[in-house]
Each structure stands twice: as structure tokens, then as C-alpha cells.
Amino acid sequence: TAPNMQPLYIREVHHFALGRPWLLGREIFDWMVYEHELQPRERLLEYGSGALSSGIWFIEYLQPGNYYGMEAVKWLYDAGVEYEVPLHMLEDKHPNLLHNPEEELEPAVFNGATLQRILALTAFHHLVHDPALVERTLRGFLGLLAPGGTVYVAGELPLPEDKLRHIGLAVTRSATFKCRYIACDFDVYELQDVNQAS
Numbered sequence: 001t002a003p004n005m006q007p008l009y010i011r012e013v014h015h016f017a018l019g020r021p022w023l024l025g026r027e028i029f030d031w032m033v034y035e036h037e038l039q040p041r042e043r044l045l046e047y048g049s050g051a052l053s054s055g056i057w058f059i060e061y062l063q064p065g066n067y068y069g070m071e072a073v074k075w076l077y078d079a080g081v082e083y084e085v086p087l088h089m090l091e092d093k094h095p096n097l098l099h100n101p102e103e104e105l106e107p108a109v110f111n112g113a114t115l116q117r118i119l120a121l122t123a124f125h126h127l128v129h130d131p132a133l134v135e136r137t138l139r140g141f142l143g144l145l146a147p148g149g150t151v152y153v154a155g156e157l158p159l160p161e162d163k164l165r166h167i168g169l170a171v172t173r174s175a176t177f178k179c180r181y182i183a184c185d186f187d188v189y190e191l192q193d194v195n196q197a198s
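Going by UniProt numbering, the first residue of the sequence shown is number 1, and it counts up by one from there.
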């Protein structure tokens, strides 16, 4: 399939939409593969996948059907689906790309698949005004995690640790993500099912 060549996409406005360099997507991919040993056989959800700045790399690397991207902003979602995926010839990797994540964190949407990795590096920054949605989202993550699976959140914890534990998630590690090429260091917390966290 040829990429959609409407002017908005050709100018790649979506590459600049979020105020961060598009290169950050590659930084995130390298971090997951080289520091967190993401394997091609694993299933990964990028919650807040934008126009796929990191998704294009994950889709290529993971086995077909193992990438899930969820994006609430329709025009960014469309740019990923209509432009980035065909431009990079990724259709044969069968990425699972979904719009309106707040309504779709149900196991049925994932056809019963569980996830080894869930990246929510920016999404919670946009949800701070709605604690009920934050809690519902985290509960949704918990229901999708495979045994030993990990949720990665950036910046500040979306809820205090005692509330996370009440939901069923425990902080198992925190570290600083250090970009190699651009100034973008930020803290990342790893969350796991409280019953499996060591």
C-alpha cells in the first residue's frame, strides 16, 4: 500500500507535533532492546503511540502481530496508520493500531493475548486531571500483563505507591533514561503485578 500523500503528511507535521525530536522514538527503541533486552517474540503495547516515532522501529523488530499501539489523538493515529506504516513498508508485520485507548483496554480487544511490555512513557502526563481514568487505565494494564510482564511509566508515578499496590501493581525499579543524541533525560518507573514482584 502506498503512503497517503496528502500535504499534511508529506510535510511530516506529525514529526514535530509533540514538542520533542522525532529521534526520541529511536532512543526509546534502543533503550528497550539494549538496556531492557526486549525480544522479538515478546508482545509490546505502546500506550500513547503518537504517529509511531518509536513504533516504526518496534514494528520492524518484533515478530508479526506483536506490536500494539494505542493513540487517543486521531490525526496522530491517522498519520501513523496512513503514512508511517506504508512508508516504511511495515504492513506485513501486522501491527495492531488502535484509536481511543481509554475505551479499549479490555482483553477482548487483544484477542486474549497478554503483554510482556507496556510502555506508557508520556500518556499519564495527559491524564493527571482525571484520577479515575488513571486508575482505570492502570487496572486495564494489570489485566493485560503476562506473568512477569512490566509496565514502564515516565516522569512521576501516576499514583502514590500505596494506591498502586491497592490496584495490584508494585514499583520494582526506577532509573533515569539517558538519551544518547538529544537532551531528554527523564525518570522511568517499572511496575509489575504485586503478586509476582520480587
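Just so it is clear, CB atoms sit at the ideal spot from N, CA and C, and this is done for glycine as well.
The beta strand (DSSP E) enclosing residue i, as first and last residue numbers
i	result
Thr-176	169 to 177
Met-32	Careful: Met-32 lies outside any beta strand (DSSP E) and carries neither H nor E.
Gly-69	67 to 71
Glu-46	44 to 47
Three-state secondary structure (DSSP) of residue i
i	result
Gly-80	helix
Arg-136	helix
Ala-183	coil
His-99	strand
Glu-27	helix
Met-89	coil
Ala-120	strand
Val-128	coil
Close Cβ partners of residue i (< 6 Å) along its chain, the five nearest in sequence each way excluded
i	result
Asn-96	Tyr-68
Leu-45	Tyr-68, Leu-115, Ile-118
Leu-127	Leu-133, Val-134
Inter-residue spacing [alpha-carbon to alpha-carbon] between residue i and residue j
i	j	result
Ala-51	Asp-185	21 Å
Asp-193	Gly-140	12 Å
Ala-146	Thr-176	25 Å
His-129	Arg-136	13 Å
Pro-107	Gln-39	22 Å
Gly-112	Leu-144	9 Å
Delimiting residues of the alpha helix (DSSP H) encompassing residue i
i	result
Tyr-61	55 to 61
Close beta carbons around residue i, own chain, < 8 Å, minus the five adjacent residues each side
i	result
Val-33	Tyr-61
Leu-157	Leu-164, Val-171, Tyr-189
residue 201	What the structure shows of the chain is the stretch from 1 to 198, and residue 201 is not part of that stretch, so it cannot be assessed.
Sequence-distant residues of the same chain with beta carbon closer than 7 Å to residue i, five excluded per side
i	result
Glu-84	Ala-51, Leu-52, Ile-56
Leu-142	Ile-167, Gly-168, Leu-169, Asp-193
Tyr-47	Met-70, Pro-101, Ile-118, Leu-119, Ala-120, Ala-123
Subject >> Continuous alpha helix (DSSP H) assignments of at least 4 residues falling wholly in the stretch 143 to 172 >> reply: 161 to 167
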